[in-house]
Amino acid sequence: MVGVIGLSWLLTEVSVITVPVLSFQTNTQIVGRVSPKMIDLFAALWSGAAAAFAIRREDVADSLPGAAIAIALVPPLCVVGIGQAQGQWNAVGGALLLFLTNFLSILLAGGAVLALLGLNKAAVKGLEGHTRRNAYLLVALAIVLVIIPLGTTTIGIFQQRQMEKETVQLAYQWVADKDYSIRRIQVIEDQVILEIYGTGERPVLSELGDQLNALLDRPIKLRMFIVPS
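Numbering-wise, the working numbering puts 56 at position 50 of the sequence shown, and it's gapless, one number per residue.
#1: Here's a check: name, in chain order, each residue in its chain whose Cβ is nearer than 7 Å to the Cβ of Pro-81, leaving out the five neighbours to either side.
#2: Shortest alpha-carbon distance to Arg-224 belongs to which of Asp-183, Met-169, Tyr-203, Ser-187?
#3: Which of the three DSSP states, helix, strand or coil, is assigned to Pro-234?
#4: Can you say whether Leu-151 is buried or exposed, counting buried as having 16 or more other CB atoms within 10 angstroms of its CB?
#5: Let me know if Trp-180 comes out buried or exposed under the rule of 16 or more other beta-carbons within 10 Å of its beta-carbon.
#6: In chain order, what residues of the same chain have a beta carbon less than 7 Å from the beta carbon of Leu-221, not counting five sequence neighbours either side?
#7: Identify whether Ile-88 lies in helix, strand or coil by the three-state DSSP scheme.
#8: Just checking, does the segment 87-103 make contact with the segment 47-56 on the three C-beta pairs under 8 Å criterion?
#9: For Val-174, which of helix, strand or coil comes out of DSSP?
#10: Alpha carbon to alpha carbon, how far is Trp-52 from Leu-218?
#11: Which residue wins for smallest C-alpha separation from Val-85, given the options Leu-79, Trp-95, Ala-101?
#12: Name the residue from Gly-99, Ala-55, Lys-227 whose alpha carbon lies nearest to the alpha carbon of Pro-42.
#13: With distance defined between alpha-carbon atoms, name the residue in Thr-158, Pro-155, Arg-63, Gln-94 nearest to Val-119.
#14: My understanding is that Ala-146 touches Leu-114, with C-beta atoms under 8 Å, so please give their C-beta distance in whole angstroms.
#15: I'd like the span of the beta strand (DSSP E) that includes Glu-201, first residue to last.
#16: Taking the alpha-carbon positions, what's the Ile-194 to Ala-182 distance?
#17: Mind reading off the beta-carbon distance from Gly-124 to Ala-55? Whole number of angstroms is fine, and I expect it under 8 Å.
#18: Can Glu-170 be considered in contact with the ligand SAH, in the sense that its beta carbon sits closer than 7 Å to one or more heavy atoms?
#19: Whose C-beta lies closer than 8 Å to the C-beta of Asp-196 among residues of the same chain, with five residues either side of it excluded?
#20: Report the rounded CA-to-CA distance for Leu-106 versus Ala-74, giving the unit in angstroms.
#21: What's the C-alpha gap between Ile-199 and Leu-104?
#22: Taking only the alpha-carbon atoms, compute the straight-line gap between Gln-166 and Leu-122 and give it to the nearest angstrom.
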């Protein structure tokens with residue numbers, strides 16, 4: 007009887023557990039892994055080289071290289087799974103690109119360091135010279151292919167940052183001669199969310215929209231929230 011009551015209580019407690027909704031726009035752990043850049047490639051190369059060098063050092067804990075690799079590989083795969091569960095396929099593609107970047111960089115940089123240290127001779131003793139060269143060339147070619155989308159993403163992020171800077175400057179100039187002040191401004195791709203506060207006649211949002219369209223040479227969606235204060 008006690009066991010049944012305990013099981014009933016457990017089922018009741020479990021039934022009220024809810025899965026939180028993750029935001030793919032504001033969650034920093036997700037946002038930082040869905041738009042990989044060229045800097046991520048260089049960081050992964052150095053991480054792979056450092057992990058391989060740590061294996062050679064006897065004064066370094068054996069778990070350190072494994073932890074460094076796990077930090078580079080596991081989080082992107084987690085974002086891939088979360089993105090698939092919520093149907094965020096753009097996030098899945100970005101996180102998968104980051105995983106491939108880290109994986110290939112660790113293989114190339116780690117293998118190069120181990121080769122320089124002479125620690126890979128036993129592992130490749132039975133392989134012919136051209137086989138080893140082909141393996142390294144294959145990994146290097148894969149990294150070159152990964153660089154193309156990384157470069158595209160880097161350029162896109164730079165353009166987005168430039169757009170955000172110009173939008174913020176123009177928005178502050180727009181309210182400078184009005185009895186309102188900007189409380190919050192957020193730029194998400196081609197959408198601008200503006201929150202202002204103040205008194206007096208409401209500013210005309212279309213004026214800012216026309217200025218933004220002329221400055222950025224593309225249509226911009228504007229949403230404005232006014233807080234009387």
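Yeah, the Cβ is synthetic: ideal placement off N, Cα and C, and Gly gets one too.
As the structure is a computational prediction, the values presented were derived from the model and not from experiment.
So, to answer that:
#1: Hits under 7 Å: Arg-39.
#2: It is Met-169 whose Cα lies nearest to the Cα of Arg-224.
#3: Residue state, collapsed to three classes: strand.
#4: Around the CB of Leu-151, fewer than 16 other CB atoms lie within 10 Å, so the residue is classed as exposed.
#5: Answer is buried; the Cβ neighbour count reaches 16.
#6: If you ignore the 5 residues before and after Leu-221, its C-beta comes within less than 7 Å of the C-beta of Glu-172, Leu-176, all in its own chain and listed in chain order.
#7: In the displayed model, Ile-88 falls within a helix according to three-state DSSP.
#8: No, the segment 87-103 is not in contact with the segment 47-56.
#9: Val-174: helix per DSSP, three-state reduction.
#10: One C-alpha to the other measures close to 41 Å.
#11: If you compare the alpha carbons of Leu-79, Trp-95, Ala-101 with that of Val-85, the shortest gap goes to Ala-101.
#12: Comparing Cα-Cα distances from Pro-42 to each of Gly-99, Ala-55, Lys-227, the minimum goes to Gly-99.
#13: Checked all of Thr-158, Pro-155, Arg-63, Gln-94; the closest Cα to Val-119 is Arg-63.
#14: Contact holds; Cβ gap of about 6 Å.
#15: 197-204 is the span of the beta strand (DSSP E), which, as asked, contains Glu-201.
#16: Near 23 Å, if we compare the C-alpha coordinates of Ala-182 and Ile-194.
#17: In this structure, Gly-124 and Ala-55 do not form a Cβ contact; the two beta carbons are roughly 16 Å apart against a cut-off of 8 Å.
#18: Ligands in the displayed structure: none, and consequently the ligand SAH is not present.
#19: The beta carbon of Asp-196 is closer than 8 Å to those of Arg-224, Pro-225, Ile-226, Lys-227 in its chain, skipping five residues each way along the sequence.
#20: Going by the C-alpha atoms only, they are around 16 Å apart.
#21: Going from the Cα of Ile-199 to the Cα of Leu-104 covers about 29 Å.
#22: A straight-line Cα-Cα distance of about 41 Å links Gln-166 and Leu-122.
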